Amino acid sequence: TFYGPIKFEKEGDHYHDNIQPVPVMIQIQDGKTVAVGPKEAAAAEFIYPLPAWK
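First residue of the sequence shown: 61, per the working numbering; consecutive thereafter.
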């Protein structure tokens with residue numbers, strides 16, 4: 061899917077929950093929210109340390 065692999069729990073407390081999501085790390089760069097990780101989902105380089113807020 062667009063969001064990556066999916067797998068739904070078949071029983072128990074998490075029945076029908078997607079149990080295989082791929083978390084994405086984001087940063088705000090130049091006023092825009094961009095994905096920076098994992099590498100295969102990154103739209104920009106991870107900036108560390110971030111510059112001080114102005």
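Here a beta-carbon is modelled for each residue, glycine too, at the ideal position from N, C-alpha and C.
Model, not experiment: these values are computed from the prediction.
- The three-state secondary structure of Ala95, taken from DSSP, is strand.
- Approximately 6 Å separates the beta-carbon atoms of Ile107 and Gln87; this is inside 8 Å, confirming the contact.
- Of Val96, Trp113, Tyr75, Val84, the smallest CA-CA separation from Glu105 is found for Val96.
- CA-CA distance, Thr93 to His74, rounds to 30 Å.
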